[in-house]
Amino acid sequence: MTTIGLTGGIASGKSAVAEHLKSLGAVVIDADRLGHRVYEPGSPGFQKVVNAFGHDVVAEDGTINRRVLGGKVFGDPEQMERLTDISWPEIQRLAEEEIAAYRERDPGGVIVLEAAVLIEAEWTGLVDEVWVVSTTIGRAVDRLRKRNGMSEQAARARINSQISTKERLERADVHVRNSDTPKQLESRVLYHWRRLQRRMEERRAVVAQQAAR
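Residue numbers (our numbering): 713 to 925.
Encoded structure:
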């Protein structure tokens with residue numbers, strides 16, 4: 713089984729690429745979904761967050777009020793680091809469990825770990841290949857304005873708060889460009905998928921040769 717770490721900046725098109733890969737047969741693990749599980753009542757992450765940020769982050773229904781928590785950490789690098797020191801290791805643990813389960817079920821398949829902070833959180837050790845999705849800053853700004861209702865200034869600030877595309881590409885095995893039409897993106901994903909299948913075949917051949925010796 714091959715595990716792809718799929719990453720990219722905000723509004724780069726990671727989710728679109730993940731959907732294309734899913735349609736081609738990959739299993740997708742969404743790190744954002746795992747992040748929500750970290751805050752579930754009764755989980756180790758829940759208690760750590762409450763201990764670190766106070767009981768006022770707990771909503772009336774007993775769950776973490778993400779709006780209140782966000783108000784405590786956004787714009788404050790020290791507080792944000794406190795939160796990621798709690799959440800990132802918990803997300804990694806959950807990802808490791810899901811990857812292991814999928815590998816046991818389908819040893820010859822492809823897993824995609826979709827994670828915006830794959831590189832920052834140092835989760836690259838969980839994957840066999842790093843795929844980086846990129847787009848132009850102008851397109852990312854337009855998407856954020858339309859999708860999230862942000863002003864141009866707020867959109868650019870959000871983009872600039874992340875590591876750069878250049879930094880991501882320094883760690884990339886595959887670069888998926890998303891600066892044209894949705895159809896062109898689909899074609900590029902298919903191209904990279906076919907190349908991945910060839911690499912997997914080559915690895916299987918090497919393993920078979922070694923086993924035959």
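All residues carry an ideal CB built from backbone N, CA and C; glycine is no exception.
* To do: Locate the beta strand (DSSP E) running through tryptophan 843, then write down its first and last residues.
  => What you label residue 843 is simply residue 131 of the sequence shown in a count that begins at 1. Run containing tryptophan 843: 841-846, per the beta strand (DSSP E) assignment.
* Asked: Does the beta-carbon distance from glutamate 719 to alanine 828 come in below 8 Å?
  -> Translated into positions along the sequence shown, residue 719 becomes position 7. Translated into positions along the sequence shown, residue 828 becomes position 116. Per the sequence presented here, residue 719 reads as threonine, with glutamate not at that position. The answer is yes: Cβ separation under 8 Å.
* Asked: Where does leucine 667 fall in DSSP's three states?
  -> Past the boundaries of the shown model lies residue 667; the chain is included only from 713 to 925, so the question cannot be answered.
* histidine 904, enclosing alpha helix (DSSP H) - first and last residue -> One-based indexing of the sequence shown puts residue 904 at position 192. That run of the alpha helix (DSSP H) goes 894-924.
* Could you give the distance in angstroms between the alpha-carbon of valine 740 and the alpha-carbon of arginine 910? -> Locating residue 740 in the sequence shown gives position 28, where the first residue counts as 1. Locating residue 910 in the sequence shown gives position 198, where the first residue counts as 1. In a straight line, the C-alpha of valine 740 is about 20 Å away from that of arginine 910.
* To do: For leucine 806, count neighbouring C-beta atoms within 10 Å of its own C-beta (all shown protein chains included) and say buried if the count is 16 or more, exposed if not.
  => Within the sequence shown, the letter at position 94 stands for residue 806. Looking at its Cβ environment, which holds 16 or more other Cβ atoms inside 10 Å, leucine 806 is buried.
* In angstroms, rounded to a whole number, what distance separates the CA positions of methionine 792 and glutamate 826? -> As a working mapping, residue 792 is identified with position 80 in the sequence shown. As a working mapping, residue 826 is identified with position 114 in the sequence shown. Looking at the two C-alpha atoms, the distance is approximately 21 Å.
* To do: Check threonine 796 in the structure and name its three-state DSSP category.
  => Taking the sequence shown and counting its residues from 1, the one referred to as residue 796 is at position 84. Note: threonine 796 maps to helix in three-state DSSP.
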